[in-house]
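Novice:
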Amino acid sequence: MIDQAATNILKAIKVVVECGIPNVIDFYRSENRINSVGDALKLFAKDIFADSVNINNLHQKEEAHRKVFSWGGNANNPPDFMIKGGDAVEVKKITSTKSRIALNSSYPSAKLFANSPLLLSECRNCEDWQEKDIIYCIGCIDGKDTNQRLSSLWLIYGDCYAASKDCYERIKATITQGIQAISNVELSPTNELARVNKVDPLGITNLRVRGMWDIAHPATLYSYLNLDSNQKSFPKSFQMIVLMTASKYNSFPNLDKEYIELLKHQKHIGIRDIEIKSPNNTMQSILAKLFIYEI
1 MIDQAATNIL KAIKVVVECG IPNVIDFYRS ENRINSVGDA LKLFAKDIFA
51 DSVNINNLHQ KEEAHRKVFS WGGNANNPPD FMIKGGDAVE VKKITSTKSR
101 IALNSSYPSA KLFANSPLLL SECRNCEDWQ EKDIIYCIGC IDGKDTNQRL
151 SSLWLIYGDC YAASKDCYER IKATITQGIQ AISNVELSPT NELARVNKVD
201 PLGITNLRVR GMWDIAHPAT LYSYLNLDSN QKSFPKSFQM IVLMTASKYN
251 SFPNLDKEYI ELLKHQKHIG IRDIEIKSPN NTMQSILAKL FIYEI
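Numbering-wise, the UniProt record's numbering puts 154 at position 154 of the sequence shown, and it's gapless, one number per residue.
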């Protein structure tokens, strides 16, 4: 088992490669009575970070999670879980890699900040933190597959995927200010874009203005990397892609990096040092680490 407060994305890669990929939906339905496809994917994501995929006893599984996570998630507030002293993880389920990813009221995040109004106070106070790197864990469970198998899993850091929060906050603030500029309206404080009260003469109708954000799948964003170039020569049933900046990769413990580097010699595994476009300036590039596992 992983020691307390010692898990990270490189250990999660190790778990996936060594344990194999279960039929996620059937596996969690049978062992833990999970009915929702999305809930099953979230539990699988927690298990690969906590090295608890093969723990069948629900109580023991929860104990393993408590050792490494400071926040276990909430249905209506990000993130889905946070590693003690480490990264935050947001899990998203899609049915096709061509699908856009619904973020609902949360705009894309390069980093997670403790002062975000979308976080619950329990999340802010679960450990001493101000800022965390965030991993988007995006699982594709093909809606046309009657077995509902996990066909792809992306683990991508927010700073490889999203612009800085100023980019999104500017748009959000402009919309809110435009609504506030409407004459003769009664506004209430809200974490949404705006809330207008007593719209009609009787004063019985309110208007809630909510942001509904979505973002392209990373496979679309990174199509220039030719990630499917070997699809014809090697048909695959599962693909895991992990992307992070080179500086993030270098920040991990040497022992974990040594394991990852040894994987270069295994079949169906590729590790590349690459350059990606900066989410904040397409004229600039960022040194990054790309990991691909296919079976």
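C-beta atoms are modelled at their ideal positions from N, C-alpha and C, and glycine is treated no differently. Please read these numbers as outputs of a predicted model, since none were measured by experiment.
Tell me, to the nearest whole angstrom, how far the beta carbon of residue 45 is from that of residue 17; I am working on the premise that it is less than 8 angstroms.
Specialist: The residue you call residue 45 lines up with position 45 of the sequence shown. The residue you call residue 17 lines up with position 17 of the sequence shown. Between residue 17 and residue 45 the Cβ distance is about 16 angstroms, and since that is not below 8 angstroms, they are no contact.
Novice: On the DSSP bridge assignment, give the partners of residue 272 in chain order.
Specialist: Along the sequence shown, read from residue 1 onward, the residue named residue 272 stands at position 272. For residue 272, which the question treats as bridged, DSSP gives the partners 290.
Novice: By the 10 Å Cβ neighbour count, where 16 or more other Cβ atoms means buried, how is residue 64 classified, buried or exposed?
Specialist: Counted from its first residue, the sequence shown places residue 64 at position 64. Label assigned to residue 64: buried.
Novice: Taking 7 angstroms as the limit between beta carbons, can you name the residues of its chain near residue 164, skipping five residues before and five after?
Specialist: For the purposes of this step, residue 164 is taken as the residue at position 164 of the sequence shown. The residues are 110 and 280.
Novice: Check the C-beta distance from residue 191 over to residue 197 and give it rounded, since I have them as a contact under 8 angstroms.
Specialist: Along the sequence shown, read from residue 1 onward, the residue named residue 191 stands at position 191. Along the sequence shown, read from residue 1 onward, the residue named residue 197 stands at position 197. The Cβ separation is near 16 angstroms, so there is no contact.
Novice: In angstroms with no decimal places, state the Cα-to-Cα distance between residue 261 and residue 172.
Specialist: Counting from one through the sequence shown, the residue named residue 261 turns up at place 261. Counting from one through the sequence shown, the residue named residue 172 turns up at place 172. Going from the Cα of residue 261 to the Cα of residue 172 covers about 42 angstroms.
Novice: Suppose you measure from the CA of residue 295 to the CA of residue 268; what does that come to, to the nearest Å?
Specialist: Here residue 295 refers to the residue found at position 295 when the sequence shown is read from its first residue. Here residue 268 refers to the residue found at position 268 when the sequence shown is read from its first residue. Going from the Cα of residue 295 to the Cα of residue 268 covers about 6 angstroms.
Novice: Which residues mark the beginning and the end of the beta strand (DSSP E) in which residue 45 is found?
Specialist: In the sequence shown, counting from the first residue as 1, residue 45 sits at position 45. Careful: residue 45 lies outside any beta strand (DSSP E), inside the alpha helix (DSSP H) at 37–50.
Novice: Put residue 215 into one of helix, strand or coil per three-state DSSP.
Specialist: Counted from its first residue, the sequence shown places residue 215 at position 215. Three-state DSSP puts residue 215 in a strand.
Novice: Under 9 angstroms, do residue 24 and residue 50 count as touching if we go by C-beta distance?
Specialist: Residue mapping note: residue 24 aligns to position 24 of the sequence shown, counting from 1. Residue mapping note: residue 50 aligns to position 50 of the sequence shown, counting from 1. Taking 9 angstroms as the Cβ cut-off, residue 24 and residue 50 do not qualify as a contacting pair.
Novice: Rank 243, 213, 204 and 202 by C-alpha distance to the C-alpha of residue 219 and give the top, closest one.
Specialist: On the sequence shown, residue 219 is found 219 positions in, with the first residue counted as 1. It is 243 whose Cα lies nearest to the Cα of residue 219.
Novice: Please list the terminal residues of the continuous beta strand (DSSP E) segment that includes residue 194.
Specialist: Stepping through the sequence shown from its first residue, residue 194 is reached at position 194. Note, residue 194: beta strand (DSSP E), 194–197.
Novice: Can we say the stretch 152–161 touches the stretch 240–258, given the rule of at least three CB pairs closer than 8 angstroms?
Specialist: Yes: the two stretches touch, three or more of their Cβ pairs being nearer than 8 angstroms.
Novice: What are the partner residues of residue 209, as DSSP defines its beta bridges?
Specialist: As a first step, residue 209 is located in the sequence shown; it is residue number 209 there, counting from the start. BP columns for residue 209 point to 194.
Novice: Whose C-beta lies closer than 7 angstroms to the C-beta of residue 97 among residues of the same chain, with five residues either side of it excluded?
Specialist: Within the sequence shown, numbered from 1, the residue matching residue 97 stands at position 97. Cβ within range, chain order: 140, 152, 217 and 219.
Novice: Mind checking residue 240: buried by the 16 CB within 10 Å criterion, or exposed?
Specialist: Start at 1 with the first residue of the sequence shown, and residue 240 comes out as number 240. Buried is the call here.
Novice: If you reduce the DSSP assignment to three classes, tell me which class residue 285 lands in.
Specialist: In the sequence shown, counting from the first residue as 1, residue 285 sits at position 285. Strand.
Novice: Between which residues of its own chain and residue 47 is the CB-CB distance below 6 angstroms, once the five residues before and five after are set aside?
Specialist: In the sequence shown, residue 47 corresponds to position 47, counting from 1. Within the same chain, residue 47 has close Cβ partners 53.
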